[in-house]
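To keep things clear, I will list the structure first and then write my remarks on it.
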Amino acid sequence: VFEGPLDLLLHLIKINEIDISDIPVATITEQYLEYLDLLRALDINVAGDFLVMASTLMHIKSKMLLPKQEGDVEEIEDPRMEIVRPLMEYMQLREAAHELASRDILYRDVFKRGSETDGKRGVEEDINTAEVSLYELMDAFKKVMKRRYPGIVLRFRAETWSVKKKMVEIMKGLKGKEHFYFRDLFSGNTSISEMIATFLALLDLMKNGAITVFQDKVGGDIKLKTLKAEA
44 VFEGPLDLLL HLIKINEIDI SDIPVATITE QYLEYLDLLR ALDINVAGDF LVMASTLMHI
104 KSKMLLPKQE GDVEEIEDPR MEIVRPLMEY MQLREAAHEL ASRDILYRDV FKRGSETDGK
164 RGVEEDINTA EVSLYELMDA FKKVMKRRYP GIVLRFRAET WSVKKKMVEI MKGLKGKEHF
224 YFRDLFSGNT SISEMIATFL ALLDLMKNGA ITVFQDKVGG DIKLKTLKAE A
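Per this note's numbering: the sequence shown = residues 44 to 274.
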């Protein structure tokens, strides 16, 4: 569930519809720092890699603001290449990993079809659903919070709500249901702290492999369903 700083940058590039070779550093830096603030508000430990990337972005931003010297004859490399190169390399690695994973699923399902009558349905479900990243979940959560509490700064009081109890509540809510809409998780919540505890409970359940989140199509409603069979 918990993805790294390069994943966050790629997410920001995607939602802003930005050309990776022409990144508006000031805008991306501001949005990146907002996400770090949200991670801290959610009481999620921010790894050192995230802070290093934040420092790198601010350094590049400051270099972009420096005036060009008229006497400079040599062409100076675009400071943004410091993040563009690793982003391009990471994108290639991620695409290769997805390709290998899809081949593994195809290989597995070819051999399942001959012995399992419901194998075809499982393949169709994999094809017709889209994965949801941590940052897409955070975007969805921010939208819910802005509707309920516009202009409020997020602060989490851990002693007020038990994340473990919220995990139990979510699993009870999913019992006997094919899926549950993400937005409906917060319909009965009465405070900011309770909403944050609910969101943290969702992340823990995903991390433990108890539930998965998905979309019927990219950009569609986020849904969740259980993965583990009940005892």
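Idealized CB from N, CA, C, for every residue including glycine.
Thinking C-beta only, is residue j closer than 8 Å to residue i?
i: LEU100; j: VAL89; result: no
i: LEU270; j: ALA244; result: no
i: GLU221; j: LYS268; result: yes
i: ALA240; j: VAL206; result: yes
i: VAL256; j: PHE229; result: no
i: PRO48; j: MET96; result: yes
Alpha carbon to alpha carbon, how far is residue i from residue j?
i: ILE103; j: ILE87; result: 26 Å
i: SER236; j: GLU120; result: 47 Å
i: ILE63; j: SER98; result: 19 Å
i: ASP65; j: LYS215; result: 47 Å
i: ASN59; j: TYR178; result: 13 Å
i: VAL68; j: ARG123; result: 8 Å
i: SER234; j: VAL175; result: 26 Å
i: ARG355; j: PRO129; result: The displayed coordinates of the chain run from 44 to 274. Any statement about residue 355 would go beyond what the structure contains.
i: LYS186; j: HIS54; result: 16 Å
i: ARG191; j: PHE242; result: 15 Å
i: ASP169; j: TYR78; result: Below a pLDDT of 50, predicted positions are generally treated as unreliable, and ASP169, at 45, falls in that range; no measurement from the model is reported.
Note the first and the last residue of the continuous beta strand (DSSP E) segment covering residue i.
i: ILE265; result: 265-269
For residue i, which beta-bridge partners are listed by DSSP?
i: THR255; result: LYS268
i: GLU174; result: PHE257
i: PHE223; result: LEU267
Going by DSSP, what residue range makes up the alpha helix (DSSP H) through residue i?
i: ILE61; result: Where ILE61 is concerned, there is no enclosing alpha helix (DSSP H), given that its DSSP letter is neither H nor E.
i: LYS215; result: 206-217
i: THR241; result: 235-250
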